[in-house]
Each structure stands twice: as C-alpha cells, then as structure tokens.
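**Student:** Encoded as structure tokens, here's the structure I'll be asking about.
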Amino acid sequence: MSGALGKYRKLKSPALGWLLGRVFRLWRSAISQSVKPMGMTEARWSVMMNLKILGEGTSQHRLAGELGIEMPSLTRTVNQLVELNLVERRAHPSDGRCQCLWFTETGHECLQTLTGCVDEVRSTLTQGISDEELDIVFAVLKKLEHNAANLLNKHSEGDK
Numbered sequence: 001m002s003g004a005l006g007k008y009r010k011l012k013s014p015a016l017g018w019l020l021g022r023v024f025r026l027w028r029s030a031i032s033q034s035v036k037p038m039g040m041t042e043a044r045w046s047v048m049m050n051l052k053i054l055g056e057g058t059s060q061h062r063l064a065g066e067l068g069i070e071m072p073s074l075t076r077t078v079n080q081l082v083e084l085n086l087v088e089r090r091a092h093p094s095d096g097r098c099q100c101l102w103f104t105e106t107g108h109e110c111l112q113t114l115t116g117c118v119d120e121v122r123s124t125l126t127q128g129i130s131d132e133e134l135d136i137v138f139a140v141l142k143k144l145e146h147n148a149a150n151l152l153n154k155h156s157e158g159d160k
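The numbers in my numbering rise by one with no breaks, and the one at position 155 of the sequence shown is 155.
Here it is in structure tokens:
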C-alpha cells in the first residue's frame, strides 16, 4: 500500500492548494473593499474585469466559463450591468442566438476607474516582492494552471 502512495509527489508544504485559495479570496476581498464606493459588487467587477481581459464582443457563454460560474448567475449580473448602463448585449454576427457583451461609453469610464483601483490593490499586495520573485510566482502559477487544465481534460475525455 505504501508503494502505491509513494509514487505521488509530496510537497514540503502540503497546504499549497489551501494557501492559493486563501490568497485568492483575500485578494478578491481587498479589491471588493476598494471598489465598494463605486457601487461595485464582487460579481460586477469580476464580470467587467474579465470582459476587459477577454475583449469586447466575448460571448456570455465564454465569459461564464472563464469565471467558472453557471449561465443563470452570469445573466443576473449582466442584467444588473445593463441596467447600470455599463455593458450592452449584441447578437453574435453569425449566431443570433448567442449574446456578446460590449462596454457602453459609461462602462468604459467606469472600467478605467475600476482598473485603477485593481492596480492600486495589486501594487499594495505585492509590496516587498521583487519583480524577479513575481515573475517566478507567475511562471509557477501558469504551470499549475496548465497541469490542472490537462488533468480536467483527461478526466472529461474519460467520461465519453
């Protein structure tokens, strides 16, 4: 039995996943606190920042996948952003059933302020960490992301 377990890599700190999750939650909370005066909830700013990263014209379906949330949750948040005149839905050019998201003029202005708040939080949270250390952390996280995606794809292929 110990032979089977011995083939798995053991970390000096097995709480790595827990720590990644904790840092993620704290980081998001710091951003939420920073943008609260703007009337932004975590759901709203997350949608806006991810739409900025993915690019305008991204489908709601793709955005939901990137956020790791179900479509009804995204739809509720997008409805709020539409009501606030921050984003608008447009039909996909080749598939009218698909809704794509675009920032309004007001949304672009809000996004500029939002981005400034996020940048300020990032700067505060990375104080005392050299650029070289940040580059290493980023590279390691990208490898973890790649490995996790491969593992999930491997498992989903086995479901077929």
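A virtual CB, placed ideally from N, CA and C, is assigned to each residue, including glycine. Small disclaimer: the values here were computed from a predicted structure and weren't measured.
Is it right to say W45 is buried, meaning 16 or more other beta carbons lie within 10 angstroms of its own, or is it exposed?
**Tutor:** buried
**Student:** Which residue's Cα is closest to the Cα of W102: E42, I53, S29 and G65?
**Tutor:** I53
**Student:** Taking only the alpha-carbon atoms, compute the straight-line gap between G57 and E88 and give it to the nearest angstrom.
**Tutor:** 10 Å
**Student:** Have a look at S29 and L114 and give me their C-alpha separation to the nearest angstrom.
**Tutor:** 14 Å
**Student:** For A91, which of helix, strand or coil comes out of DSSP?
**Tutor:** strand
**Student:** When the Cα atoms are used, what is the spatial distance from Q33 to A43?
**Tutor:** 13 Å
**Student:** Thinking just about the alpha-carbon of each residue, which of V47, G65 and K36 is nearest to the one in N79?
**Tutor:** V47
**Student:** If we require 4 or more residues per run, which alpha helix (DSSP H) segments fall completely within the segment 23 to 79?
**Tutor:** As far as the segment 23 to 79 is concerned, its whole alpha helix (DSSP H) runs of at least 4 residues are 42 to 54 and 60 to 67.
**Student:** Pick helix, strand or coil for C100, following the three-state DSSP scheme.
**Tutor:** Residue state, collapsed to three classes: strand.
**Student:** When you compare only the Cα positions, how much space is there between E66 and N50?
**Tutor:** Each residue's alpha carbon lies about 8 Å from the other.
**Student:** Could you spell out the range, first to last residue, of the alpha helix (DSSP H) harbouring G84?
**Tutor:** The residue asked about is misnamed: residue 84 is Leu in this sequence, not Gly. No alpha helix (DSSP H) holds L84; DSSP gives it neither H nor E.
**Student:** Run through DSSP, which three-state label would S13 get?
**Tutor:** coil
**Student:** How is I129 classed by DSSP in three states: helix, strand or coil?
**Tutor:** coil
**Student:** Assuming S59 contacts C100 under a Cβ cut-off of 8 Å, what Cβ separation, rounded to an integer in Å, is found between them?
**Tutor:** Yes, S59 and C100 are in contact; Cβ-Cβ is about 5 Å, under 8 Å.
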